[in-house]
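A.B. asks: Reminder that position 192 of the sequence shown reads as 252 in this note's numbering, one-by-one numbering, no gaps.
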Amino acid sequence: MTRAAVFAPFEIIEGDRKRGIVLVSDHAKRDLPDEYDDLGLPASEFQRHIAYDIGVEHVTRKLAALLDVPAVLANFSRLLIDPNRGEDDPTLIRQLYDGTVVPGNYPMAEEEREKRLEKYYRPYHDAVGAMVASVARESGRAPFILSLHSFTPVWNSHPRPWHVGMLWDKDDRAVRPLMEGIAQDKTLIIGDNEPYDGALRGDTMFRHAIVKGYAHALIEIRQDLIAEEATAEEWANYLAPIVDAVNSRPDIHEVRQFGSRTGPL
61 MTRAAVFAPF
71 EIIEGDRKRG
81 IVLVSDHAKR
91 DLPDEYDDLG
101 LPASEFQRHI
111 AYDIGVEHVT
121 RKLAALLDVP
131 AVLANFSRLL
141 IDPNRGEDDP
151 TLIRQLYDGT
161 VVPGNYPMAE
171 EEREKRLEKY
181 YRPYHDAVGA
191 MVASVARESG
201 RAPFILSLHS
211 FTPVWNSHPR
221 PWHVGMLWDK
231 DDRAVRPLME
241 GIAQDKTLII
251 GDNEPYDGAL
261 RGDTMFRHAI
271 VKGYAHALIE
281 IRQDLIAEEA
291 TAEEWANYLA
301 PIVDAVNSRP
311 DIHEVRQFGS
321 RTGPL
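(1) Assuming glycine 225 is part of the alpha helix (DSSP H), what are its boundary residues?
(2) On the criterion of 16 or more Cβ atoms from any shown chain inside 10 Å, does isoleucine 279 qualify as buried, or is it exposed?
(3) Check whether the Cβ atoms of leucine 285 and asparagine 253 lie closer than 8 Å to each other.
(4) Do you know offhand how far tyrosine 136's Cα is from arginine 121's?
(5) Go ahead and label isoleucine 249 buried or exposed: buried means 16 or more other beta carbons lie within 10 angstroms of its beta carbon, across all protein chains shown.
(6) Taking alanine 103 and phenylalanine 204 to be in contact with their CB atoms under 8 Å, please state how far apart those CB atoms are, rounded to whole angstroms.
(7) Taking its Cβ as the centre, do 16 or more other Cβ atoms sit within 10 Å of glutamine 283, making it buried, or is it exposed?
(8) Please state whether the Cβ-Cβ distance between isoleucine 326 and alanine 287 is less than 8 Å.
(9) Could you tell me whether any Cβ in chain C is nearer than 8 Å to the Cβ of glutamate 294?
(10) So lysine 172 is in the alpha helix (DSSP H); what residue range does that whole segment cover?
(11) Where do the ends of the beta strand (DSSP E) carrying valine 306 lie?
(12) Within 7 Å: the Cβ of threonine 151 and any heavy atom of the ligand ADP?
(13) Taking the straight line between their C-alpha atoms, what separation do you get for glutamate 178 and arginine 145?
(14) Indicate the three-state DSSP secondary structure (helix, strand or coil) for threonine 356 in the structure shown.
(15) Identify the residues that DSSP records as bridge partners of phenylalanine 70: which are they?
(16) How would you label proline 295, buried or exposed, when you count the other beta carbons within 10 angstroms and need 16 or more for buried?
(17) Counting only runs that start and end within the stretch 102–136, where is the beta strand (DSSP E) found for 3 or more residues in a row?
(18) Less than 7 Å between C-beta atoms, sequence neighbours within five positions excluded: which residues of the same chain meet that for arginine 173?
(19) Do you know offhand how far arginine 220's Cα is from glutamate 198's?
(20) Under 8 Å by Cβ, that's how I've got valine 195 and proline 130 pegged, so tell me the actual separation to the nearest angstrom.
(21) Run through the DSSP bridge pairs and tell me what proline 219 is partnered with.
(22) Considering only residues of the same chain and omitting the five flanking positions on each side of aspartate 263, which have a CB-CB separation below 7 Å?
(23) Within 8 Å, do at least three Cβ pairs link the stretch 229–246 to the stretch 305–321?
(24) Return the chain-ordered list of same chain residues with a C-beta closer than 7 Å to the C-beta of glycine 343, the five sequence neighbours on each side being excluded.
(25) Let me confirm a value: asparagine 165 is counted as buried when at least 16 other C-beta atoms fall within 10 Å, else exposed. Which label applies?
Laid out in structure tokens, this is it:
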């Protein structure tokens, strides 16, 4: 982890907004503001997936550079508060995560919960919303939003066979061509809404893409494949032309309402 006297809840990576793409990375980092110290956890816990999405920061930075597009990264660990959850989600602030009790999150007073929402969660989402609006304005068309995540190779003692997963709700405009592009490498096993389901009410894609009718996708890359900076950059190099090709499709930049499997918008 790193410490700073003034903790910024998000980071903006600049790029050409006229290209019509926004990259978002909800779990890029494992840092905590000084006032929370280590939430009562040993340093080893911040090496694990419970603190952040391993490898995703490098993938996001490289992909943004290759495509020359802007990105928004959350600067705080998901252990503080999870920006990829709705405000009323019971897993927004975890007290127990993959076998680890988080002392700094228990008990959780309502005042403390609201403080974390106001200082970290909402400013991050405000930044994502502002970036999406800016890209829409400067490109003159509906933006394509791509969210980058990573997942553990093993969960509950069960190996996960997928190299990459594509998560989505009902809008498959970006998902299908992305999957077809990635599948050009016949060695890759691609999960369709695996290892998670992309329909999660209130999450980042729901708030900034689904409700607005913007084409979007959430890519999950297995963490052992991107744990090193060199391999993370290899994945970014592989994904860049695929994402670029999807961005050139005319239907990607149209506002279309598909709804959600979670219920009415």
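The beta-carbon is built from N, C-alpha and C at its ideal position, and this holds for glycine as well.
This structure is a prediction, so every number in the text was calculated from the model and none was measured.
C.D. replies: Let's see:
(1) As a first step, residue 225 is located in the sequence shown; it is residue number 165 there, counting from the start. Taken as a continuous stretch (DSSP letters only), glycine 225 belongs to no alpha helix (DSSP H), being part of the beta strand (DSSP E) at 224–227.
(2) Sequence index remark: in the sequence shown, residue 279 carries index 219 (1-based). By the 16-neighbour rule on beta-carbons within 10 angstroms, isoleucine 279 is buried.
(3) As a working note, residue 285 is residue 225 in the sequence shown. As a working note, residue 253 is residue 193 in the sequence shown. The beta carbons of leucine 285 and asparagine 253 sit no closer together than 8 Å.
(4) As a first step, residue 136 is located in the sequence shown; it is residue number 76 there, counting from the start. As a first step, residue 121 is located in the sequence shown; it is residue number 61 there, counting from the start. In the sequence under discussion, the amino acid at residue 136 is phenylalanine, which differs from the tyrosine named in the question. Phenylalanine 136 and arginine 121: Cα-Cα distance of roughly 17 Å.
(5) Sequence index remark: in the sequence shown, residue 249 carries index 189 (1-based). Residue environment for isoleucine 249: exposed (fewer than 16 other C-beta atoms within 10 angstroms of its C-beta).
(6) Position 43 of the sequence shown, counted from the first residue, corresponds to residue 103. Position 144 of the sequence shown, counted from the first residue, corresponds to residue 204. No, alanine 103 and phenylalanine 204 are not in contact; Cβ-Cβ is about 38 Å, not under 8 Å.
(7) To locate residue 283, count along the sequence shown from 1; it is residue 223. Per the 10 Å Cβ criterion, buried.
(8) There is simply no residue 326 to check, as the chain begins at 61 and stops at 325 in what is shown.
(9) Checking the listed chains, one finds no chain C in this structure; it contains a single protein chain.
(10) Translated into positions along the sequence shown, residue 172 becomes position 112. Reading off the sequence, residue 172 comes out as glutamate, not lysine. Run containing glutamate 172: 170–176, per the alpha helix (DSSP H) assignment.
(11) For the purposes of this step, residue 306 is identified with residue 246 of the sequence shown, where counting begins at 1. Segment 289–307 is the alpha helix (DSSP H) holding valine 306; no beta strand (DSSP E) there.
(12) No copy of the ligand ADP appears in this structure; indeed no ligand is present at all.
(13) For the purposes of this step, residue 178 is taken as the residue at position 118 of the sequence shown. For the purposes of this step, residue 145 is taken as the residue at position 85 of the sequence shown. Distance between the alpha carbons of glutamate 178 and arginine 145 is about 15 Å.
(14) There is no way to answer for residue 356, as the model of the chain reaches only from 61 to 325.
(15) Locating residue 70 in the sequence shown gives position 10, where the first residue counts as 1. Assignment of beta-bridge partners to phenylalanine 70 by DSSP yields Ala134.
(16) Working through the sequence shown from its first residue, we reach residue 295 at position 235. In the sequence under discussion, the amino acid at residue 295 is tryptophan, which differs from the proline named in the question. Buried: at least 16 other Cβ atoms inside 10 Å.
(17) Annotation note: the stretch 102–136 contains the following uninterrupted beta strand (DSSP E) runs of length 3 or greater, listed N- to C-terminal: 131–134.
(18) Working through the sequence shown from its first residue, we reach residue 173 at position 113. The residues Ile153, in chain order, have a CB closer than 7 Å to that of arginine 173 in the same chain once the five nearest residues on each side in sequence are set aside.
(19) Taking the sequence shown and counting its residues from 1, the one referred to as residue 220 is at position 160. Taking the sequence shown and counting its residues from 1, the one referred to as residue 198 is at position 138. Rounded to the nearest angstrom, the two C-alpha atoms are 41 Å apart.
(20) Taking the first residue of the sequence shown as 1, we reach residue 195 at position 135. Taking the first residue of the sequence shown as 1, we reach residue 130 at position 70. The pair is a contact, with the Cβ atoms about 7 Å apart (cut-off 8 Å).
(21) By one-based count along the sequence shown, residue 219 stands at place 159. Proline 219 is bridged to Val214.
(22) Position 203 of the sequence shown holds residue 263. For aspartate 263, the CB contacts under 7 Å within the same chain, skipping 5 residues up- and downstream, are Asn144, Arg145, Gly146 in chain order.
(23) Judged by pairs of C-beta atoms under 8 Å, the stretch 305–321 touches the stretch 229–246, as three or more such pairs exist.
(24) Within the shown structure, residues of the chain are numbered from 61 to 325, placing residue 343 beyond reach of any answer.
(25) Here the question's residue 165 lines up with position 105 in the sequence shown. That one is buried.
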